[in-house]
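One structure is given here, and the rest of the page talks about it.
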Amino acid sequence: LTAALVNAAGHGAPRIAAALGYPLDGEGEVPRLRQTASRGRYYDVVGPGLAQAVTRLIYPLPDHAGAALGVHLTIDTDGALHLGPDATWLEDDAVLDYRNSDEGRAEFLAAGQRLLPALTDDDLAPGQVGYRPKLHNAGEPQADFLVWHDGGYVHLGGIESPGLTAALPLADLVADLLR
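To convert, note that position 175 of the sequence shown is 175 in the numbering used here; the numbers rise steadily by one, no gaps.
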């Protein structure tokens, strides 16, 4: 059929691996390929002057048993300030819903005030929602993303936001594996 197949299908990567006959929970030389989706919500920080007061990303100390690095402050390329993401583990058959219902505002405000004490409820507006493919389950230590190959098959799994930063080195690695 093909001499090489690079599986970089994000949330769909395990489904492709299973269709090719690879065990998702690991077996022998095959690592765990199963992923769990983690839903993350953001709030936009819209308070006047707050975005200008923050000039660097601000992260809390990580909870290594948690699903993510914790709610943190990020700045986008336009200088807008965002608070998030949180992490909610989903069942395998869950529908991915990208609406932010605003039901986590109090928790976001409390987390945000630990990083930016001047933050008030009026400074927050519901922002984007995204989904991260996780290689670990709730309550397990965080796992880095996976690059695994078997002959001409290369599997990239659990690659979340740092994967965008690492895209070019990942491409070089995949090319090296297929040479």
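Note that beta-carbon positions come from the ideal geometry of N, C-alpha and C, so glycine has one too.
Cβ-Cβ distances below 8 Å link Glu29 to Asp150 in the same chain, with the five nearest sequence neighbours on each side left out; the list follows chain order. Contact between the segment 52 to 60 and the segment 102 to 120 is present, with at least three C-beta pairs closer than 8 Å. Taking His72 as the centre and dropping the five residues before and after it, the same chain places the C-beta of Leu57, Ile58, Tyr59, Pro60, Leu83, Gly84 and Leu115 closer than 8 Å to its C-beta, in chain order. Counting only residues of its own chain and dropping the five nearest sequence neighbours on each side, Leu69 has a CB closer than 7 Å to the CB of Tyr59 and Pro62. The beta carbons of Asp86 and Arg41 sit about 5 Å from each other, so the pair counts as a contact at 8 Å.
As for any alpha helix (DSSP H) of minimum length 4 sitting wholly inside the segment 141 to 171, the runs are 162 to 165, ordered along the chain. Between Thr74 and Asn137, the CB-CB gap reaches or exceeds 8 Å.
Annotated three-state conformation of Gln35 is coil, per DSSP. Proximity to Gly127 across Arg99, Val6 and Asp144 peaks at Arg99, based on C-alpha coordinates. With distances taken between CA atoms, Ala4 lies nearest to Gly152 out of Gly152, Val174 and Asp172. Rounded to whole angstroms, Pro23 and Pro48 show a C-alpha spacing of 52 Å. Our two residues, Val154 and Trp148, have alpha carbons roughly 6 Å apart in a direct line.
In the DSSP assignment, Arg105 falls within the alpha helix (DSSP H) that extends over Arg105 to Leu115. Under the DSSP assignment, Arg132 falls in the beta strand (DSSP E) whose first and last residues are Leu124 to Lys134.
With respect to Ala13, Leu156 sits close: the two C-beta atoms are nearer than 8 Å.
If you draw a straight line from the Cα of Leu124 to the Cα of Leu96, it comes to about 23 Å.
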